[in-house]
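Since the structure comes first, as structure tokens, the remarks are kept for the end.
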Amino acid sequence: MATVQWRPEVNALTTPQSYRAVHVPRNVIGIADLAARIAQKHPEWNEKMVQMMISSLMEEIQFALINGDQVTIANAFTFRLSFAARLDTPDDPLPPAEEVLRVSVTASRPFAETIQKLVQLERLPMIEKLPLVNSAEDTVLKLHDVLSGQGLLRLRGSDLAFNPAQAGCGCLIAGTRSGSTAQTRFGLISNSEITVLPDIPAQDDLWNNEYTLSVSTKYTENGTLRTGIYRRRLRVPLTMTQGEEAGILTDHSSSPHVTVTDAELSGAAETVRVQAVLDLRDSVLLLNLIDLKEGGRQGETVRVAADGPFVLQGFAGSTLASLSLTVNSFAQLTQMIRSKYSGRLVDVLTVRAGS
725 MATVQWRPEV NALTTPQSYR AVHVPRNVIG IADLAARIAQ KHPEWNEKMV QMMISSLMEE
785 IQFALINGDQ VTIANAFTFR LSFAARLDTP DDPLPPAEEV LRVSVTASRP FAETIQKLVQ
845 LERLPMIEKL PLVNSAEDTV LKLHDVLSGQ GLLRLRGSDL AFNPAQAGCG CLIAGTRSGS
905 TAQTRFGLIS NSEITVLPDI PAQDDLWNNE YTLSVSTKYT ENGTLRTGIY RRRLRVPLTM
965 TQGEEAGILT DHSSSPHVTV TDAELSGAAE TVRVQAVLDL RDSVLLLNLI DLKEGGRQGE
1025 TVRVAADGPF VLQGFAGSTL ASLSLTVNSF AQLTQMIRSK YSGRLVDVLT VRAGS
């Protein structure tokens, strides 16, 4: 059983200073997740049917409250309405409902006591002031989490400013398999934004195109060095030539999770993105080719549930008609996308015509 995580935070409303315990959620669970869990425990129930039942329950509770009822689910929750309004006289009109009406949900005592009895608590360390990188964007391709030597890398966040001349302060780009380089070519350096012309360290194999980024600074001249690590991985664009194989969609592995084996190309070169999306409901990967603009053109989706060869079709207007690839390690690829990429992994790939 997983633990319930919490961490102490400063309570700014007390003097002398005190601290409060703050719950740190592991995940945000929605209707689809709940339905999947229920269906797994009760195989006789269809997952989509369970999802519809939960949604219907929420609709009925909402309908009951709109009709002025209070809803009590025995040993679980009570849904009730209340008003947050002050009237100077009993005859004063009530302000509009969107200003004064409140909806509250209260857990029953047995429900709460069961959780309190079974839960295991885990204390996390306090969060100190650190550089926080919220986004990283390549300024040429206009794509997030792409690390290209052709353009600037724009970092946005908070508490980012550092003095490049101060020992230990700076920006570090490191390969997840090998190599790291302290960056030296900066444009803007401010608390909210840093632009850097990246110096990208080489890794052991060409398919090792996954990198991490960190920013280190001191907030006072003699202060402690603080390092913030960007939570997402950066990926370098890959290149392949017709007639040659190339590894893609891989992390620090010594062999590629996916190998491109052939391409049908009608021009000199074409740059596309190869997308892999994890479908947790069916335990499959959805692979397709997409263009360089989020929400843009895309090829037909191919469902992948095991190792083997697959063909991805191009999209309208692309000179790349198809891309043939082989999934070498479905299990490792799936685990990587789930644990490191929040269910979606994309590689930029330039395909060049063979001689």
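Residue 1079, in the working numbering, is where the sequence shown stops; the numbers in between run on with no holes. C-beta: ideal position from N, C-alpha, C; glycine also.
(1) Taking the alpha helix (DSSP H) that Asp862 belongs to, which residues open and close that run?
(2) Run the CB neighbour count on Val996, radius 10 Å, all protein chains shown included, and call it buried at 16 or more, exposed below.
(3) Could you tell me the boundaries of the beta strand (DSSP E) in which Val748 lies?
(4) Compare the C-alpha of Arg1005 against each of Val748, Ala759, Thr936 and Val746 and name the closest.
(5) For Val920, does the count of other Cβ atoms within 10 angstroms reach 16, so buried, or fall short, so exposed?
(6) Helix, strand or coil for Ala1055, going by three-state DSSP, please let me know.
(7) Rounded to whole angstroms, what is the Cα-Cα separation between Val748 and Gln729?
(8) Please list, in chain order, all residues of the same chain as Ser914 whose beta carbon is under 8 Å from its beta carbon, the five residues on each side excluded.
(9) Just verifying my parser: in three-state terms, what is the DSSP assignment at Ala788?
(10) Taking just the CA atoms, how far does Leu1011 sit from Ile972?
(11) Tell me whether Thr941 is buried or exposed, calling it buried when 16 or more other Cβ atoms sit within 10 Å of its Cβ.
(12) By DSSP's criteria, Cys895 is part of a beta bridge. Which residues make up the other side?
(13) In the region 798–884, which residue ranges form an unbroken alpha helix (DSSP H) of at least 4 residues, counting only runs that do not cross its ends?
(14) Who are the Cβ neighbours of Ala1030 in its own chain at under 8 Å, not counting the five residues just before and after it?
(15) My understanding is that Gly1078 touches Val1001, with C-beta atoms under 8 Å, so please give their C-beta distance in whole angstroms.
(16) Looking only at its own chain, which residues have a Cβ that is under 7 Å from the Cβ of Glu1024, when we skip the five neighbours before and after it?
(17) Could you tell me which residues DSSP puts in a beta bridge with Ile762?
(18) What residue from Glu1018, Asn735, Leu1049 and Thr1043 has the CA that sits closest to Pro1033's CA?
(19) Taking C-alpha atoms, which residue in Met725, Tyr954 and Leu930 lies nearest to Ser938?
(20) With a floor of 3 residues, list each beta strand (DSSP E) that falls wholly inside the region 1012–1062, ordered by position along the chain.
(21) Over the uninterrupted beta strand (DSSP E) stretch that includes Ala993, give me the two end residues.
(22) I think Gln927 touches Arg901, with their Cβ atoms under 8 Å apart; what is that distance to the nearest whole Å?
In this structure, then:
(1) Segment Leu856 to Asp862 is the beta strand (DSSP E) holding Asp862; no alpha helix (DSSP H) there.
(2) Residue environment: Val996 is assigned as buried (16 or more neighbouring CB atoms within 10 Å of its CB, all protein chains considered).
(3) Element bounds for Val748: n/a, residue is neither H nor E.
(4) For Arg1005, the nearest C-alpha among the options comes from Ala759.
(5) buried
(6) If DSSP states are grouped into helix, strand and coil, Ala1055 belongs with the helices.
(7) 5 Å
(8) Leu884 and Ala885
(9) helix
(10) 12 Å
(11) buried
(12) Val939
(13) Inside the region 798–884, DSSP marks whole alpha helix (DSSP H) runs of 4 or more residues at positions 821–824 and 833–842, from first to last along the chain.
(14) Closer than 8 Å at Cβ, skipping near neighbours: Val1051 and Phe1054.
(15) So it is not a contact: roughly 30 Å between Cβ atoms.
(16) Asn1012 and Gln1037
(17) DSSP, once it has assigned bridges, lists no residue as partnering Ile762.
(18) Leu1049
(19) Of Met725, Tyr954 and Leu930, the residue nearest in Cα terms is Tyr954.
(20) 1026–1028, 1032–1037 and 1044–1051
(21) Element bounds for Ala993: Ala993 to Asp1003.
(22) 5 Å
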